[in-house]
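Numbering-wise (the UniProt record's numbering), the sequence shown opens with residue 1 and increments by one. Down below is the structure, laid out as structure tokens.
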Amino acid sequence: MMLPMSIRCNTCGNWIYRGTKFNSRKEDVIGETNLGIQIFRFYFKCTKCSGEMMIKTDPQNSDYVVEAGATRNFEPWQAEDDEAEKSRRKRESEEIGDAMKSLENRASDSKR
Numbered sequence: 001m002m003l004p005m006s007i008r009c010n011t012c013g014n015w016i017y018r019g020t021k022f023n024s025r026k027e028d029v030i031g032e033t034n035l036g037i038q039i040f041r042f043y044f045k046c047t048k049c050s051g052e053m054m055i056k057t058d059p060q061n062s063d064y065v066v067e068a069g070a071t072r073n074f075e076p077w078q079a080e081d082d083e084a085e086k087s088r089r090k091r092e093s094e095e096i097g098d099a100m101k102s103l104e105n106r107a108s109d110s111k112r
């Protein structure tokens with residue numbers, strides 16, 4: 001497995017960077033699915049202290065969640081993408097009931 005994000009080991013404080021290769025165990029998470037998609041849990045060990053860490057797939061956000069043994073490094077581009085997605089959803093919800101708002105938004109987009 002190749003690590004999909006940078007994390008920090010809670011045991012020794014070692015930083016493990018995105019793209020680091022690991023031998024890992026895969027486990028099906030029983031009873032958890034998202035829209036029929038099976039969720040998996042991966043177990044792997046720290047390269048420095050051999051402390052065990054776990055990550056779980058998050059198909060709803062197309063991402064992974066660190067469950068135990070580590071903390072995820074903050075990624076500013078991910079926060080920007082989330083903010084852009086929220087503003088897009090807000091705009092779409094405003095346009096559904098109001099045809100004039102939809103027309104105004106299209107006019108402002110064409111000016112950009």
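By construction, the Cβ of each residue, glycine as well, lies at the ideal position given by its N, Cα and C atoms.
For residue i, count neighbouring C-beta atoms within 10 Å of its own C-beta (all shown protein chains included) and say buried if the count is 16 or more, exposed if not.
i           : result
Ile16       : buried
Cys46       : buried
residue 119 : A question about residue 119 goes unanswered here, because the residues of the chain that appear run from 1 up to 112.
Ile7        : buried
Phe74       : exposed
Cys9        : buried
Please name the residue, chosen from the options, that lies closest to residue i on a Cα-to-Cα basis.
i           : options                     : result
Pro59       : Ile7, Tyr43, Glu94, Thr33   : Thr33
Ile37       : Ser110, Pro4, Thr57         : Thr57
Thr71       : Arg91, Lys90, Ser110, Met54 : Met54
residue 124 : Ala68, Lys48, Asp81         : This structure cannot speak to residue 124, because the chain is shown only from 1 to 112.
Could you tell me which residues DSSP puts in a beta bridge with residue i?
i      : result
Met100 : The partner list for Met100 (beta bridge, DSSP) is empty, contrary to what the question assumes.
Gln38  : Thr33
Tyr64  : Thr57
Ala84  : Paired residues: none, contrary to the question.
Phe44  : Met53
Met2   : Lys21
Thr71  : Arg8
What distance in whole Å lies between the Cβ atoms of residue j and residue i, which are believed to be in contact at a cut-off of 8 Å?
i     : j     : result
Phe40 : Lys21 : 18 Å between Cβ atoms; not a contact.
Met1  : Phe44 : 7 Å
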